[in-house]
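Undergrad: Going down the list, the protein sequences come from chains A and B.
Heads up: the first sequence begins at 63 in the numbering used here, then just goes up one per residue.
Heads up: the second sequence begins at 117 in the numbering used here, then just goes up one per residue.
Glycine included, every Cβ here is placed at the ideal spot set by N, Cα and C.
Predicted model only: the values in this text are computed from it and were never measured.
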Amino acid sequence: MNEQALKELLYKMADDQLILGHRNSEWTGFGPLLEEDIAFSSMAQDKVGQSQALYTILHELGEGEPDTVAFMRNADQFHNCQLVELPNGEYDFSLIRHFLFDTAEAIRFEMLSNSSYAPLAQLAKKIKGELRYHTMHANIWIKQLGAATEESIGKLQQSLETALPYALGIFEPSPYEQELISEGIFEGEVALQDVWLKKVEEVIGQTKLTMPDVASLTPAFGGRVGKHSSHLQPLLDEMSEVFKIDPGADW
Amino acid sequence: MASLGCHFLLPLMMKSLDPRVTRLNIPEGELVPKVPLDQFGTFEVFVQIKEGKGYRHEGIVHAPNIDMAFLFAKEQFSRRMMCSGIFVAETRNVYVTAFTEDKDNVYSHIVDNIPEDGEEETYEFFHLNKRGKQHSHIGSVPAKSHQHALTLAKSEFINGDPVYNVWVIKTSDILFTNEEDKIMWDTLPDKKFRDASDYRASDKIKEFKERQQ
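1) Would you kindly report the start and end of the unbroken beta strand (DSSP E) that includes Gly255/B?
2) With burial defined as no fewer than 16 other Cβ atoms inside 10 Å of the residue's Cβ, what is the status of His225/B: buried or exposed?
3) So what does DSSP say about Leu298/A, is it helix, strand or coil?
4) Could you confirm whether any beta carbon from chain B is found closer than 8 angstroms to the beta carbon of His199/A?
5) Does the count of Cβ pairs from the region 284-299 of chain A and the region 229-238 of chain A closer than 8 angstroms reach three?
6) For the alpha helix (DSSP H) containing Thr130/A, list its first residue and its last residue.
7) Mind checking Asp314/B: buried by the 16 CB within 10 Å criterion, or exposed?
8) Using CA coordinates, which residue listed in Leu145/A, Ala311/A, Leu96/A and Glu152/A is at the minimum distance from Leu294/A?
9) So, helix, strand or coil for Val330/B, using DSSP?
10) Buried or exposed: where does Lys289/A fall if 16 or more other Cβ atoms within 10 Å of its Cβ makes it buried?
11) Ordered along the chain, which non-local residues of its own chain (more than five positions away) have a Cβ less than 8 angstroms from that of Lys69/A?
12) Between which two residues does the alpha helix (DSSP H) harbouring Glu223/A extend?
13) If you draw a straight line from the alpha carbon of Asn64/A to that of Ile247/A, how long is it in whole angstroms?
14) Assign Glu174/B to one of two classes, buried (16 or more other C-beta atoms within 10 Å of its C-beta) or exposed (fewer than that).
15) I'd like to confirm the pairing. Which residues does DSSP put opposite Leu291/B in its beta bridges?
16) Between the region 73-98 of chain A and chain B, which residues of the former have a C-beta closer than 7 angstroms to a C-beta of the latter?
17) Kindly list the residues whose CB is nearer than 6 angstroms to the CB of Phe161/A, restricted to its own chain and excluding five residues on each side of it in sequence; keep chain order.
18) Spatial neighbours of Ala76/A within its chain, please: C-beta separation below 6 angstroms, excluding the five flanking residues on both sides.
19) In the DSSP assignment, find the alpha helix (DSSP H) that holds Tyr195/A and state where it starts and stops.
20) Looking only at C-alpha atoms, which of Lys109/A, Ala67/A and Ser278/A sits nearest to Ile189/A?
21) Cβ closer than 7 angstroms: which chain A residues qualify as neighbours of Ile299/B?
22) Report the three-state DSSP secondary structure of Lys286/B (helix, strand or coil).
23) For chain A, check one thing: does any of its Cβ atoms lie closer than 8 angstroms to the Cβ of Lys190/B?
24) Measuring only between beta-carbons, confirm whether Leu187/B sits less than 8 angstroms from chain A.
25) For Lys219/B and Asn245/B, what's the separation of their Cα atoms in angstroms?
26) Could you work out which residues of chain A lie near Val161/B, taking near to mean beta carbons separated by less than 8 angstroms?
27) Does the beta-carbon of Met300/B have 16 or more other beta-carbons within 10 angstroms, so that it is buried, or is it exposed?
28) Is the Cβ of Val204/B closer than 8 angstroms to any Cβ of chain A?
29) CB Gly202/A to CB Asp302/B, shorter than 8 angstroms?
30) How would you call Gln155/B, buried or exposed, if buried means at least 16 neighbouring beta carbons within 10 angstroms?
31) Near Ser221/A, which residues of its chain fall below 6 angstroms by C-beta distance, leaving aside the five closest residues on each side in sequence?
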């Protein structure tokens, strides 16, 4: 098994989940209603938990301790796509990002449940239930606000247009696409984007939103090779503030 | 993208609720509809803790519609406990009897039958068997109205243990969990990190104190 290819895949997935989990957790206490505050916070916690599971697999492959890997790297050592590091903005942007990202994530893990790399296939089966709720949550919200009032439709539409080029950055090709595919580890970003786009269009089609022409957009690539917006480093500084006071502390 | 960074939540400009500020706004005699409270309606949430057990009333959530009520109910009422299914119904679709006490079965106060016409549908029944506890799902009855369903159920429950309060909900007013969505509850046993007890704080404090000595 091509370990380098596998690690590249695991890192980008784990970093996506950690960073988006952290961003979404910034809504805790500020949600639009208490029930939603609880739901969104809980999903954010799920994401951080999923990233921990992936960092643990990486640790078993010889990488650092999960906490060290999560808290001690700088922005240019992170492999998350830029979509997940963008500031929360208003709730419409956070919801659209949640919808675009989690749709891709659920499909990715569904594909990985057949991975030739057993630990990843097992994890994919284990978190299937969490992901089912996350996509249900995203789809119901988008259908609700995407067909509610002129204001909600307008705001979601604008956020959709802002977020889409970044969402395409999720599928930035890895240098190891062929190895991953031929070894049966993962079906590859092209196949994933294909299924993702159909699913996104299916949900958007049930609203009054207009799906932009994806082919005409320039994807925001770079995240997978450590090129990030100026928003990531401040997030990391804040996230690791407590850990860095005493990295050796036993919690 | 420049605009993203600076969109923070702004407070809504609201009219003051302080009567000292608003009492001078005396309307000029015309009738206006009463303004509803600025909040969503409520939905009743019923939870099944594991396959084979009955559903029990757990509480309410606020939501704009029943699909969103289901979303909220899932996290609100099954995040930290075992669950195998949830269903929700809008509060105004729940028909309730009066409460009784002691050995007084509420069914003994129900009329024997009422004239009914209309379509037959099924109605779900929920009983309160102990004051202060939750309502439990009992089963369903085909009938032509909520009241009609209650009269039909009377003969079955009048001679049993006292029932102190009954809720009747038309089956079609309930949003049930889809079979394929039940995997949502598969992951809970592994989430010990969500429980304070998992951090064994008292052990650590003890250890710390011993080290201090």
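TA: So, to answer that:
1) By one-based count along the second sequence, residue 255/B stands at place 139. It spans Ser252 to Ala259 - the beta strand (DSSP E) in which Gly255/B sits, taken as one unbroken run.
2) Reading the second sequence from its first residue, position 109 is the one you call residue 225/B. Label assigned to His225/B: exposed.
3) Residue mapping note: residue 298/A aligns to position 236 of the first sequence, counting from 1. Helix.
4) Looking up residue 199/A in the first sequence gives position 137. Yes, His199/A lies at the interface with chain B (some Cβ there is under 8 angstroms from its Cβ).
5) Flag = yes, the region 284-299 of chain A and the region 229-238 of chain A touch.
6) Counted from its first residue, the first sequence places residue 130/A at position 68. Its alpha helix (DSSP H) spans residues Pro128 to Phe133.
7) Mapped onto the second sequence, residue 314/B falls at position 198. That one is exposed.
8) On the first sequence, position 232 is the one that residue 294/A refers to. Among Leu145/A, Ala311/A, Leu96/A and Glu152/A, the Cα nearest to that of Leu294/A is on Leu145/A.
9) Lying before the first or after the last residue shown, residue 330/B is absent from chain B, which here runs from 117 to 329.
10) Reading the first sequence from its first residue, position 227 is the one you call residue 289/A. An exposed status is given to Lys289/A, since fewer than 16 other beta-carbon atoms sit within 10 Å of its beta-carbon.
11) As a working mapping, residue 69/A is identified with position 7 in the first sequence. Closer than 8 angstroms at the Cβ level, and outside the excluded window around Lys69/A, lie Leu120, Leu123 and Glu125.
12) The residue given as residue 223/A occupies position 161 in the first sequence. From DSSP, the alpha helix (DSSP H) with Glu223/A extends over Glu212 to Leu230.
13) The residue given as residue 64/A occupies position 2 in the first sequence. The residue given as residue 247/A occupies position 185 in the first sequence. So the two alpha carbons sit approximately 9 angstroms from each other.
14) By 1-based counting over the second sequence, the position of residue 174/B is 58. Buried.
15) Stepping through the second sequence from its first residue, residue 291/B is reached at position 175. Partner(s): Val204/B.
16) If the cut-off is 7 angstroms between Cβ atoms, the region 73-98 of chain A has Phe92, Leu95, Glu97 and Glu98 near chain B.
17) Here the question's residue 161/A lines up with position 99 in the first sequence. Taken in chain order, the residues that qualify are Ala200 and Ile204.
18) Looking up residue 76/A in the first sequence gives position 14. If we look at Ala76/A and ignore the five residues flanking it on each side, its Cβ neighbours are Ser113, Leu116 and Tyr117.
19) Residue mapping note: residue 195/A aligns to position 133 of the first sequence, counting from 1. Looking at the DSSP string, the run of the alpha helix (DSSP H) that includes Tyr195/A is Lys190 to Leu207.
20) In the first sequence, the residue the question calls residue 189/A occupies position 127. Out of Lys109/A, Ala67/A and Ser278/A, Lys109/A has the C-alpha closest to the C-alpha of Ile189/A.
21) Here residue 299/B corresponds to residue number 183 of the second sequence, with the count starting at 1. For Ile299/B, the chain A residues whose C-beta falls within less than 7 angstroms of its own C-beta are Lys190, Gly191 and Arg194, listed in chain order.
22) On the second sequence, residue 286/B is found 170 positions in, with the first residue counted as 1. Reduced to three states, the DSSP call for Lys286/B is strand.
23) For this step, residue 190/B is matched to residue 74 along the second sequence. Judged by the 8 angstroms Cβ criterion, Lys190/B is in contact with chain A.
24) The residue you call residue 187/B lines up with position 71 of the second sequence. Judged by the 8 angstroms Cβ criterion, Leu187/B is in contact with chain A.
25) The residue you call residue 219/B lines up with position 103 of the second sequence. The residue you call residue 245/B lines up with position 129 of the second sequence. When rounded, the distance between both Cα atoms is 11 angstroms.
26) If you number the second sequence from 1, residue 161/B lands on position 45. Those within 8 angstroms of Val161/B in chain A number zero; the least Cβ separation is about 10 angstroms.
27) Taking the second sequence and counting its residues from 1, the one referred to as residue 300/B is at position 184. A residue is called buried once 16 or more other Cβ atoms fall within 10 Å of its Cβ, and Met300/B is buried on that count.
28) Within the second sequence, numbered from 1, the residue matching residue 204/B stands at position 88. No - not a single Cβ of chain A is within 8 angstroms of the one on Val204/B.
29) Position 140 of the first sequence, counted from the start, is the residue given in the question as residue 202/A. Position 186 of the second sequence, counted from the start, is the residue given in the question as residue 302/B. The residue asked about is misnamed: residue 202/A is Ile in this sequence, not Gly. Going by C-beta atoms, Ile202/A is not nearer than 8 angstroms to Asp302/B.
30) Residue 155/B sits at position 39 when you count from the first residue of the second sequence. Flag for Gln155/B reads exposed.
31) What you label residue 221/A is simply residue 159 of the first sequence in a count that begins at 1. Spatial neighbours of Ser221/A in its own chain (CB-CB distance under 6 angstroms, excluding positions within 5 residues in sequence) are listed in chain order as Asp154, Phe155 and Ile158.
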